[in-house]
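Colleague: Throughout the sequence shown, residue numbering follows the numbering used here, covering 61 to 458 in sequence.
Cβ atoms here follow ideal geometry from the backbone N, Cα and C, with glycine treated the same way.
Keep in mind the model is a prediction, meaning the values are calculated, not measured.
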Amino acid sequence: MENQSTRLVRSIRDPIQLADFIQRLAEWLIKELNRGYERVPAFTESRARALLRVTEVIDDPTLGDFDRLMADEGAARLALHDLLHESGLSESAEAVGLATASAAATSAPATLPWLPLAVAAYAWKRGFPLHQLDPASPPDGFSPAGILLKDTAQFIRQQVQRSPTERDRLRRQLAFSGHILHTESTTLDTMPHVDTPVVPAPSVYRPPIPVRYPEVARDVLHVQPPTDQETPPPVTRGEPLVITDEDVRQAAPPAPLRVDPPPPAPTPPSPLPPSAVIMPNSATSRRPSLSVGQRRAAGSQARSTKLRVLVQQVADGPGLYGVQVRVSCRRVRAEVAGTTNRDGHFLCELPVKETEGLTYQVEVTWPQDLGGNIERKAITLNADRTEFTLPFYRQYQA
Numbered sequence: 061m062e063n064q065s066t067r068l069v070r071s072i073r074d075p076i077q078l079a080d081f082i083q084r085l086a087e088w089l090i091k092e093l094n095r096g097y098e099r100v101p102a103f104t105e106s107r108a109r110a111l112l113r114v115t116e117v118i119d120d121p122t123l124g125d126f127d128r129l130m131a132d133e134g135a136a137r138l139a140l141h142d143l144l145h146e147s148g149l150s151e152s153a154e155a156v157g158l159a160t161a162s163a164a165a166t167s168a169p170a171t172l173p174w175l176p177l178a179v180a181a182y183a184w185k186r187g188f189p190l191h192q193l194d195p196a197s198p199p200d201g202f203s204p205a206g207i208l209l210k211d212t213a214q215f216i217r218q219q220v221q222r223s224p225t226e227r228d229r230l231r232r233q234l235a236f237s238g239h240i241l242h243t244e245s246t247t248l249d250t251m252p253h254v255d256t257p258v259v260p261a262p263s264v265y266r267p268p269i270p271v272r273y274p275e276v277a278r279d280v281l282h283v284q285p286p287t288d289q290e291t292p293p294p295v296t297r298g299e300p301l302v303i304t305d306e307d308v309r310q311a312a313p314p315a316p317l318r319v320d321p322p323p324p325a326p327t328p329p330s331p332l333p334p335s336a337v338i339m340p341n342s343a344t345s346r347r348p349s350l351s352v353g354q355r356r357a358a359g360s361q362a363r364s365t366k367l368r369v370l371v372q373q374v375a376d377g378p379g380l381y382g383v384q385v386r387v388s389c390r391r392v393r394a395e396v397a398g399t400t401n402r403d404g405h406f407l408c409e410l411p412v413k414e415t416e417g418l419t420y421q422v423e424v425t426w427p428q429d430l431g432g433n434i435e436r437k438a439i440t441l442n443a444d445r446t447e448f449t450l451p452f453y454r455q456y457q458a
């Protein structure tokens, strides 16, 4: 069974009546929501578009697709049906009256106020005054004004993202049905009384002759009274059943179950003595620390210095916690890795030579929410300073 919004849209016969009804409905909603307020700004197409842009609930390409889509009559009927159904305007007597009044329209307006109509419809649903929607002071996303703008953006995206097959199917369902929408149902009490005399029967009129069908034998049908049924024979009872002690004697109980303990496990053989062969240790995972291994590789004239890696979202901003950092040097064939602390710092001690510097490669793996890519930098450390700082910024400007 079709709902009220479907009946209202199907009562619109042509594009002229459709455009006139959209114009009348938008003007009535804006006037109704601003009733009781003086000197309110006009809620125009540009004001509604600026509201949707400044709150960033929808992008300009989607708005352009929506404007081009509403040029089609079938898409406009479908959008009007969804808007009336979701906002509850189809149950309003004023909206039904506007649809009836638009039937007398002879010309259509040049442009249709779709964006003001959509914003005003959701504002009417929530009872929000339109004069409080100001592009100069955009509302918060979780405020009542922000929520109704999000509903408007969702309505626009729904019209644009609908598939052509579904749009064509719904367009045929919302086509003009040939019936004019009535505001009230016609009953016998509301019908006009006409005192028109009944036309007399003609002189050649004869009453219809009843037809006798042979399969209906009313004259020969007889119902016989019920006959006396024979009395059923009496129930005969045999000898009573007797249960003796032998019948209830129980059989011998079965032998109890016995679980034998498992046999003792054999004694495991003694381990073989360790062999005299000494296996080499891993250079990256079993060494005491990176600094000791690098000092051995750098030589006896090596000194240590500190490298502080600073990872931040923007310069002079808060540090990023838990970012993976890897420091390696090709000359000493060793590396060190770890994650930043809560301040976004990663501090490590690295060896350098007294006479010349060592170049270290520093890799930072950004989190997935920041891109997930790997950023690499190189820094040359020498023995002149005790600590070096290497910053990493995701954005150089806020």
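According to DSSP, what are the bridge partners of residue 363?
Modeller: As a working mapping, residue 363 is identified with position 303 in the sequence shown. DSSP, once it has assigned bridges, lists 412 as partnering residue 363.
Colleague: Leaving out five residues before and five after residue 150 in sequence, what residues of the same chain have Cβ atoms less than 6 angstroms from its Cβ?
Modeller: Within the sequence shown, the letter at position 90 stands for residue 150. Closer than 6 angstroms at the Cβ level, and outside the excluded window around residue 150, lie 64, 65, 68 and 144.
Colleague: Assign residue 202 to buried or exposed, taking buried as 16 or more other Cβ atoms, counted over all protein chains shown, within 10 Å of its Cβ.
Modeller: For the purposes of this step, residue 202 is taken as residue 142 along the sequence shown, with counting starting at 1. Answer is exposed; the Cβ neighbour count stays below 16.
Colleague: Provide the residue(s) that pair with residue 406 in DSSP beta bridges, ordered along the chain.
Modeller: Taking the first residue of the sequence shown as position 1, residue 406 is located at position 346. 369, per the DSSP bridge assignment.
Colleague: Does the Cβ-Cβ distance between residue 380 and residue 449 come in under 8 angstroms?
Modeller: As a first step, residue 380 is located in the sequence shown; it is residue number 320 there, counting from the start. As a first step, residue 449 is located in the sequence shown; it is residue number 389 there, counting from the start. Cβ atoms of residue 380 and residue 449: not closer than 8 angstroms.
Colleague: Within 10 angstroms of its Cβ, does residue 428 collect 16 or more other Cβ (buried), or is it exposed?
Modeller: Here residue 428 refers to the residue found at position 368 when the sequence shown is read from its first residue. Residue 428 comes out exposed.
Colleague: Given this structure, state the Cα-to-Cα distance separating residue 341 from residue 393, to the nearest angstrom.
Modeller: Here residue 341 corresponds to residue number 281 of the sequence shown, with the count starting at 1. Here residue 393 corresponds to residue number 333 of the sequence shown, with the count starting at 1. In this prediction, residue 341 scores a pLDDT of 39, lower than 50, which makes its location untrustworthy; the coordinate-derived value is nonetheless stated afterwards. The straight-line gap from Cα to Cα measures roughly 15 angstroms.
Colleague: Just to check my reading of the structure: residue 198 and residue 93 have Cβ atoms closer than 8 angstroms, yes? What is that Cβ distance to the nearest angstrom?
Modeller: Taking the sequence shown and counting its residues from 1, one reaches residue 198 at position 138. Taking the sequence shown and counting its residues from 1, one reaches residue 93 at position 33. At roughly 19 angstroms, the Cβ-Cβ gap does not stay under 8 angstroms, so residue 198 and residue 93 are not in contact.
Colleague: Measuring only the C-alpha atoms, how far is residue 112 from residue 91?
Modeller: Against the sequence shown, residue 112 aligns to sequence position 52. Against the sequence shown, residue 91 aligns to sequence position 31. Rounded to the nearest angstrom, the two C-alpha atoms are 21 angstroms apart.
Colleague: Please identify the residue among 431, 182, 154 and 164 whose C-alpha is closest to the C-alpha of residue 146.
Modeller: Residue 146 sits at position 86 when you count from the first residue of the sequence shown. Of 431, 182, 154 and 164, the residue nearest in Cα terms is 182.
Colleague: Does the Cβ of residue 263 have 16 or more other Cβ atoms within 10 Å, making it buried, or fewer, making it exposed?
Modeller: Stepping through the sequence shown from its first residue, residue 263 is reached at position 203. Exposed, by the Cβ-count rule.
Colleague: Tell me the DSSP secondary structure of residue 289 in three-state form.
Modeller: On the sequence shown, position 229 is the one that residue 289 refers to. Coil, per DSSP.
Colleague: Taking 8 angstroms as the threshold (C-beta atoms), are residue 441 and residue 412 in contact?
Modeller: The count along the sequence shown starts at 1 and reaches residue 412 at position 352. The count along the sequence shown starts at 1 and reaches residue 441 at position 381. Against a cut-off of 8 angstroms, the Cβ pair of residue 441 and residue 412 comes out as a contact.
Colleague: Just the C-alpha distance for residue 378 and residue 116, rounded to the nearest angstrom, thanks.
Modeller: Indexing the sequence shown from 1 puts residue 378 at position 318. Indexing the sequence shown from 1 puts residue 116 at position 56. When rounded, the distance between both Cα atoms is 26 angstroms.
Colleague: Kindly indicate which three-state DSSP category residue 97 falls into: helix, strand or coil?
Modeller: As a working mapping, residue 97 is identified with position 37 in the sequence shown. Looking at residue 97 - three-state DSSP - the assignment turns out to be coil, as it is neither helix nor strand.
Colleague: Please report the distance separating the alpha-carbon of residue 108 from that of residue 83.
Modeller: As a working note, residue 108 is residue 48 in the sequence shown. As a working note, residue 83 is residue 23 in the sequence shown. Approximately 15 angstroms between the Cα atoms of the pair.
Colleague: By alpha-carbon positions, which one of 211, 433, 419 and 455 ends up nearest to residue 443?
Modeller: Here residue 443 refers to the residue found at position 383 when the sequence shown is read from its first residue. It is 419.
Colleague: Among 290, 454 and 288, which has the Cα closest to the Cα of residue 383?
Modeller: The sequence position of residue 383 within the sequence shown is 323, counting from 1. The option with the nearest alpha carbon to residue 383 is 454.
Colleague: Quick one: grab the DSSP three-state call for residue 81.
Modeller: Within the sequence shown, the letter at position 21 stands for residue 81. Three-state DSSP puts residue 81 in a helix.
Colleague: DSSP three-state call for residue 72: helix, strand or coil?
Modeller: Here residue 72 refers to the residue found at position 12 when the sequence shown is read from its first residue. Coil at residue 72, not helix or strand.
Colleague: Could you please give me the residues that DSSP links to residue 453 through a beta bridge?
Modeller: Taking the sequence shown and counting its residues from 1, the one referred to as residue 453 is at position 393. 372, per the DSSP bridge assignment.
Colleague: Within its chain, find whatever has a CB closer than 6 angstroms to the CB of residue 137; leave out the 5 residues flanking it on each side and keep chain order.
Modeller: As a working note, residue 137 is residue 77 in the sequence shown. If we look at residue 137 and ignore the five residues flanking it on each side, its Cβ neighbours are 69 and 234.
Colleague: Does residue 301 pass the burial test, meaning 16 or more other C-beta atoms within 10 Å, or should it be called exposed?
Modeller: Numbered from 1 along the sequence shown, position 241 holds the residue referred to as residue 301. It is exposed - the Cβ of residue 301 has fewer than 16 other Cβ atoms within 10 Å.
Colleague: For residue 182, which three-state DSSP category applies?
Modeller: Walking along the sequence shown from the start, residue 182 turns up at place 122. Correct three-state label for residue 182: helix.
Colleague: Go to residue 192, then tell me how far its alpha helix (DSSP H) extends in each direction, as first and last residue.
Modeller: Within the sequence shown, residue 192 is the residue found at index 132, counting from 1. First-last for residue 192: undefined, no H or E at that position.
Colleague: Which partner residues of residue 421 appear in the DSSP bridge assignment?
Modeller: For the purposes of this step, residue 421 is identified with residue 361 of the sequence shown, where counting begins at 1. Paired residues: 388 and 438.
Colleague: Helix or strand or just coil, what does DSSP make of residue 220?
Modeller: As a first step, residue 220 must be located in the sequence shown, where it is residue number 160. Three-state result, residue 220: helix.
Colleague: Whole angstroms are fine: how far does the CA of residue 372 sit from the CA of residue 7?
Modeller: Past the boundaries of the shown model lies residue 7; the chain is included only from 61 to 458, so the question cannot be answered.
Colleague: So, are the CB atoms of residue 424 and residue 409 less than 8 angstroms apart?
Modeller: Here residue 424 refers to the residue found at position 364 when the sequence shown is read from its first residue. Here residue 409 refers to the residue found at position 349 when the sequence shown is read from its first residue. Contact flag unset, no.
Colleague: Just confirm the distance between the C-beta atoms of residue 386 and residue 397, as a whole number of angstroms; I'd bet it's less than 8 angstroms.
Modeller: Start at 1 with the first residue of the sequence shown, and residue 386 comes out as number 326. Start at 1 with the first residue of the sequence shown, and residue 397 comes out as number 337. With 8 angstroms as the limit, residue 386 and residue 397 qualify as a contact, their Cβ atoms being about 4 angstroms apart.
Colleague: Rounded to whole angstroms, what is the Cα-Cα separation between residue 260 and residue 270?
Modeller: Taking the first residue of the sequence shown as 1, we reach residue 260 at position 200. Taking the first residue of the sequence shown as 1, we reach residue 270 at position 210. Rounded to whole angstroms, residue 260 to residue 270 spans 23 angstroms at the Cα level.
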